[in-house]
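One structure is given below, encoded as structure tokens.
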Amino acid sequence: MVKTQDTTSTVPKKHDLGGFARLRFVRIRLEQLSEISVFGFGLTPSLHRFTAGTPLNQKTPVPPDTNIVEIRNVSKHYADGDVKALDDVSLQIAKGELVSIVGPSGCGKSTLLNMIGILDRPTSGQVYFEGHRVDPSMNLDRLRSEKIGFVFQSFHLVPNLTAIENVQLPMMPGKLPPSARVARAKALLDSVGLSDRLNHRPAQLSNGQRQRVAICRALANAPSLVLADEPTGALDSQGGRAIMDILETVCRDSTATLVVVTHDKALADRSDRQIRLCDGKIVSD
């Protein structure tokens, strides 16, 4: 991400979306860059609405015992097959689980997270989300946007938007009116202790505060799955523990599934389950 210097000398004193046009421009620009699809998530329970030719108002209940994600014999190869990032990986992740993915650098952790988050296609094998096979005929951008939330090590906040505007960003294409979006974003920021930072831009926040804003953005549309790639990597140990406290609490309270890639053993030990990778294979689960 290109860093931009914030030359604003004063902090805006309102967060009533008077700058709605500016938010809309940013959303359109992000869509052009194909980045908006990883910023939001879901309001409806069925994947059928993402299938080509299916009415968007059709809803098919998902059985309560269905795994939220299933990976079946997935391999991912690069460089004409010479590099095997994933090699015949199979796993199931249940709804409401807190799962950590661990292993040495280069073992395939981030590639596996991308498969779980439907950000990448496998060379072979199948991915299932909420009991349905992920298929190219689905509107995958919309599926990611509405069902999956992403938290990144480097935050990826929009530098010229305030905290409350960044949190509203994934809600822009949704059904909520502006006043409800503001209320939702404010409530999320209040819940992570940032009620006094609503109108601060990223450059005016600490790393820990930026990550909390990023978590709120990921939770903006109440996702069923939250994926975090080294969410504490840019923080000190105390800040990292605080971020994990927040992630764990909000996901358990909302029954969302949380999958975390980490090198931090203490963080991994907090999860319900640890998946260890080595050379693209699951060696323990």
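Under our numbering, the sequence shown has 210 at position 202, and the numbering climbs by one with no breaks. Beta carbons are placed, not taken as given, at the ideal position from N, Cα and C, and that holds for glycine.
Could you tell me if residue i is buried or exposed, where buried requires 16 or more neighbouring beta carbons within 10 angstroms of its beta carbon?
i, result
"Asn81", "exposed"
"Thr1", "In the structure displayed, the chain extends from 9 to 293; residue 1 sits before or after that span and is not available."
"Pro144", "exposed"
"Ser132", "exposed"
"Lys273", "exposed"
"Val91", "exposed"
"Thr170", "buried"
"Gln246", "exposed"
"Arg260", "exposed"
"Ser108", "buried"
Does DSSP classify residue i as helix, strand or coil?
i, result
"Asp198", "helix"
"Val142", "coil"
"Thr263", "coil"
"Asp253", "helix"
"Val166", "coil"
"Pro53", "Reliability fails at Pro53, whose pLDDT of 36 lies under 50, so the model's placement of it is uncertain and no value is given."
"Leu151", "helix"
"Thr240", "coil"
Residues bridged to residue i by DSSP?
i, result
"Ala102", "Asn75"
"Gln134", "Arg80"
"Ser108", "Val268, Gln282"
"Gly157", "Val234"
"Ser292", "Arg284"
"Lys92", "His85"
"Val97", "Val82"
What distance in whole Å lies between the Cβ atoms of residue j and residue i, which are believed to be in contact at a cut-off of 8 Å?
i, j, result
"Ser162", "Ala242", "7 Å"
"Gly288", "Gly116", "4 Å"
"Ile172", "Lys194", "6 Å"
Grab me the residues of residue i's own chain with a C-beta within less than 6 Å of its C-beta, minus the 5 sequence neighbours each way, in chain order.
i, result
"Leu2", "Given a span of 9 to 293 for the chain in the structure shown, any question on residue 2 remains unanswerable."
"Leu106", "Leu266, Ser279, Asp280"
"Val142", "Ile126, Val135"
For residue i, which residues of its own chain have a beta-carbon under 7 Å away from its beta-carbon, when the five flanking residues on both sides are left out?
i, result
"Ser262", "Ala230"
"Leu227", "Gly157, Leu196, Val258"
"Val200", "Arg220, Ile223, Cys224, Ile254"
Within a Cβ cutoff of 8 Å, which residues of the same chain sit near residue i, ignoring the five residues on either side of it in sequence?
i, result
"Ser292", "Gln282, Ile283, Arg284"
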